[in-house]
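One point on numbering: in my numbering, the residue at position 131 of the sequence shown is 135, and numbering is uninterrupted.
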Amino acid sequence: MIAQRTARLTTLVAIPAALALSAAVPAAAHSSESGAHTYQVDLAQLNKSGAHGTAMLTVDGTRLTVKITASGLVPGQPHAQHIHGSTDGHDFHCPDASADKNHDGIVTTAEGMPAYGDINISLTTKGDTSKASGLAVDRMPVAKKDGTLSYERTITVSQAVADHIKDLHVVQHGIDPNGNGKYDFGKGKSELDPKLPEEATAPTDCGMVMGAAVGSMPVGGVETGSGSTAGIEAPGLLVGGGAAVAGAAVLGAACLRTRRPAAGRR
Numbered sequence: 005m006i007a008q009r010t011a012r013l014t015t016l017v018a019i020p021a022a023l024a025l026s027a028a029v030p031a032a033a034h035s036s037e038s039g040a041h042t043y044q045v046d047l048a049q050l051n052k053s054g055a056h057g058t059a060m061l062t063v064d065g066t067r068l069t070v071k072i073t074a075s076g077l078v079p080g081q082p083h084a085q086h087i088h089g090s091t092d093g094h095d096f097h098c099p100d101a102s103a104d105k106n107h108d109g110i111v112t113t114a115e116g117m118p119a120y121g122d123i124n125i126s127l128t129t130k131g132d133t134s135k136a137s138g139l140a141v142d143r144m145p146v147a148k149k150d151g152t153l154s155y156e157r158t159i160t161v162s163q164a165v166a167d168h169i170k171d172l173h174v175v176q177h178g179i180d181p182n183g184n185g186k187y188d189f190g191k192g193k194s195e196l197d198p199k200l201p202e203e204a205t206a207p208t209d210c211g212m213v214m215g216a217a218v219g220s221m222p223v224g225g226v227e228t229g230s231g232s233t234a235g236i237e238a239p240g241l242l243v244g245g246g247a248a249v250a251g252a253a254v255l256g257a258a259c260l261r262t263r264r265p266a267a268g269r270r
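Have a look at this one:
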């Protein structure tokens with residue numbers, strides 16, 4: 005008799021748990037497919053710039069909201085900023101000092117690109133956000149007098165970007181190695197446009213989505229296959245389910261409490 009009662013109780017507990025789990029699976033899938041997801045990016049300095057900050061990337065379908073707060077930037081100067089990386093399987097990440105191939109103390113845009121990949125999205129304040137606007141500094145945010153910068157914009161992105169947002173990362177540009185508070189030619193000309201100073205286009209900070217794996221260097225170049233900087237020249241740059249499981253467990257425990265007094269009276 006005891007064995008039979010135990011079997012019946014086990015069955016009673018298992019049934020609500022199974023029902024709760026079966027109900028939870030579609031709900032969890034629906035939430036994952038249609039709900040907004042936010043990812044944090046901690047921006048760390050490059051080129052000993054002293055710049056740092058945080059970017060929050062919120063994906064809701066193909067709508068991407070980007071919020072950036074940064075400090076330690078060149079005051080009063082425009083800072084080009086982008087989402088770099090690949091949506092087709094290449095593995096990119098933020099560069100380190102070893103990317104400085106000519107050992108001049110500066111990781112330039114061209115030197116950093118094999119590590120962080122080509123421009124995927126230009127984080128302009130208005131208008132176009134494609135690679136073509138990579139250095140459209142008249143539409144890039146300008147740092148305040150104290151070197152801080154705040155940026156927020158919601159844009160429509162491709163499904164590939166929405167699906168691979170964790171594989172992408174944020175890079176801001178513009179450094180001041182001689183500390184004179186402006187972009188000048190102290191570090192030579194930019195490889196993007198000889199009319200521009202290197203200081204204006206060199207990366208100042210970079211960050212990957214928290215929790216994203218840092219893998220090996222990609223094989224075959226950047227996402228475009230060539231690493232070309234064409235299209236980002238800027239002649240005007242110097243112009244200023246667990247809840248369902250828990251519920252099943254509680255429901256099962258309640259069944260046990262209901263049955264035990266009856267068993268004791270027998």
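Note that beta-carbon positions come from the ideal geometry of N, C-alpha and C, so glycine has one too.
Helix, strand or coil, according to DSSP, for residue i in the structure here?
i, result
"methionine 335", "Lying outside 5 to 270, the shown extent of the chain, residue 335 is not represented and no answer is given."
"threonine 73", "strand"
"serine 126", "strand"
"aspartate 108", "coil"
"valine 141", "helix"
"proline 118", "helix"
"lysine 199", "coil"
Would you mind reading off the limits of the beta strand (DSSP E) that contains residue i?
i, result
"methionine 212", "207-212"
"tyrosine 43", "41-49"
"glycine 89", "85-89"
"threonine 133", "Run containing threonine 133: none; DSSP gives neither H nor E here."
"threonine 158", "153-160"
What is the C-beta distance between residue i and residue j, in whole angstroms, given that I count them as a contact (C-beta under 8 Å)?
i, j, result
"alanine 119", "histidine 177", "Wrong, their Cβ atoms sit about 14 Å apart, outside the cutoff."
"glutamine 49", "aspartate 209", "5 Å"
"glutamate 195", "alanine 114", "5 Å"
"histidine 91", "threonine 62", "According to the sequence provided, residue 91 is threonine. The question's histidine does not apply to it. In fact, because the Cβ distance is near 18 Å, the residues do not count as touching under 8 Å."
"proline 79", "lysine 148", "7 Å"
"alanine 166", "glycine 65", "7 Å"
"threonine 129", "methionine 144", "7 Å"
Among the options, which residue has its Cα nearest to the Cα of residue i?
i, options, result
"glycine 211", "Leu68, Ile72, His41, Thr66", "Ile72"
"histidine 168", "Val111, Asp108, Ile125", "Ile125"
"valine 175", "Val165, Cys98, Ser53, Gly185", "Cys98"
"leucine 127", "Thr113, Asp142, Glu115", "Asp142"
"glutamine 44", "Glu203, Gly116, His173, Ala204", "His173"
"glycine 151", "Ala140, His56, Thr112", "His56"
"leucine 47", "Ile123, Ser75, Ala40, Gly65", "Ser75"
"isoleucine 110", "Gly39, Ile179, Val213", "Ile179"
"threonine 205", "Asp171, His86, Ala40", "His86"
"serine 162", "Ser134, Met214, Gly192, Pro82", "Ser134"
"glycine 116", "His88, Pro145, Gly93, Thr129", "His88"
"glycine 185", "Asp64, Gly65, Leu77", "Leu77"
"aspartate 95", "Pro181, Pro82, Met214, Lys170", "Lys170"
"glycine 192", "Gln81, Met60, Gly121, Asp108", "Asp108"
"isoleucine 123", "Thr58, Asp100, Ala136, Gly183", "Ala136"
"valine 146", "Gln81, Val213, Met60", "Gln81"
Does residue i come within less than 8 Å of chain B when only Cβ atoms are used?
i, result
"valine 161", "Absence of chain B from the displayed structure is noted, only one protein chain being present."
Which residues bound the alpha helix (DSSP H) around residue i?
i, result
"valine 175", "Premise fails: valine 175 lies in the beta strand (DSSP E), 172-177, not in any alpha helix (DSSP H)."
"aspartate 167", "163-167"
Whether or not the region 102-111 and the region 143-158 are in contact is what I'm after, with contact meaning three or more pairs of Cβ atoms, one per stretch, closer than 8 Å; do they touch? no
Touching by the beta-carbon criterion (3+ pairs, under 8 Å), the region 60-69 and the region 195-212: no
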